[in-house]
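Notes follow the structure.
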Amino acid sequence: MIDSIFSISLPVSNPAPIFETVSKPLRVKTRLSTQRRTSMFERIELMKMARAMTDHAARRNVVVARNIANADTPGFGARDLQSFVESYRRTENTALRTSREGHLAMPDWSPGKARELATGGNNSPNGNSVTLEEELLKLAEVKRDHELSLGVYRSALKLMRTGIDSRH
17 MIDSIFSISL PVSNPAPIFE TVSKPLRVKT RLSTQRRTSM FERIELMKMA RAMTDHAARR
77 NVVVARNIAN ADTPGFGARD LQSFVESYRR TENTALRTSR EGHLAMPDWS PGKARELATG
137 GNNSPNGNSV TLEEELLKLA EVKRDHELSL GVYRSALKLM RTGIDSRH
């Protein structure tokens with residue numbers, strides 16, 4: 017626990033037009049928590065999937081951008097991420113059901129679980145396998161996947177709002 021001291025100036029009620037301020041110390045206790053709290057949205061499977069889709073699109077964007085940046089680097093091999101569906105299914109198949117706190121829980125999907133694969137293509141004379149046309153098509157796919165994930169997220173929020181509004 018860390019104590020911080022702040023001073024607050026409070027006006028003194030005085031019928032005179034001149035106001036005096038009184039300084040009063042205020043102690044604030046700050047809590048440093050090492051436990052990560054999960055929000056309501058992180059417990060809903062549809063929200064988890066939408067977030068995972070967004071994370072996957074962001075990671076794939078980084079991989080494609082690296083390919084484009086190294087398009088002229090001799091010997092550089094183009095890379096891509098495993099598709100979101102394949103990597104998410106792989107995680108889903110390892111799901112463990114828990115009924116008590118002491119049981120093992122299902123591992124969450126993270127973009128790091130998608131495998132980065134070498135995409136074998138036609139090598140240029142300098143040994144580089146990056147084709148800018150293919151990389152631009154991948155960028156269009158990344159944009160589409162990102163917009164899809166945001167659409168899923170918006171739809172889930174809309175469903176929750178509808179459920180909340182219908183109770184009133």
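Numbered per our numbering, the sequence shown finishes at 184, counting up by one with no gaps.
Note that beta-carbon positions come from the ideal geometry of N, C-alpha and C, so glycine has one too.
7 angstroms Cβ shell around residue i - same chain, five flanking residues per side excluded
i, result
"N77", "V158"
Beta carbon of residue i nearer than 7 angstroms to that of residue j
i, j, result
"A94", "G137", "yes"
"M69", "F100", "yes"
"F10", "N139", "Since the first residue shown for the chain is 17 and the last is 184, residue 10 is missing from the structure and cannot be characterised."
Neighbourhood of residue i by C-beta, 8 angstroms cutoff - its chain only, sequence neighbours within 5 removed
i, result
"L133", "R95, D96, L97 and Q98"
"V80", "D96, E151, K154, L155 and V158"
"L164", "M69"
Supposed close pair residue i, residue j - CB separation, criterion 8 angstroms
i, j, result
"A85", "V168", "Not really, about 30 angstroms apart at Cβ, beyond 8 angstroms."
Buried/exposed call for residue i, threshold 16 Cβ in 10 Å
i, result
"S182", "exposed"
"K174", "exposed"
Residue of the options minimising C-alpha distance to residue i
i, options, result
"E149", "R170, E163 and A87", "A87"
"P141", "P90, R82 and R75", "P90"
"T147", "T178, R82, R75 and R177", "R82"
"D71", "L166, T135 and E61", "L166"
"E61", "A172, T178, G179 and R177", "A172"
Near the ligand MG: residue i beta-carbon under 6 angstroms from a heavy atom
i, result
"E150", "Of ligands this structure carries none, so the ligand MG is not represented either."
Interface flag, residue i vs chain D, CB-CB below 7 angstroms
i, result
"T89", "Included in the structure is just one protein chain, with no chain D present."
Own chain residues within Cβ distance below 6 angstroms of residue i, not counting five before or after
i, result
"R131", "Q98"
"D161", "A73"
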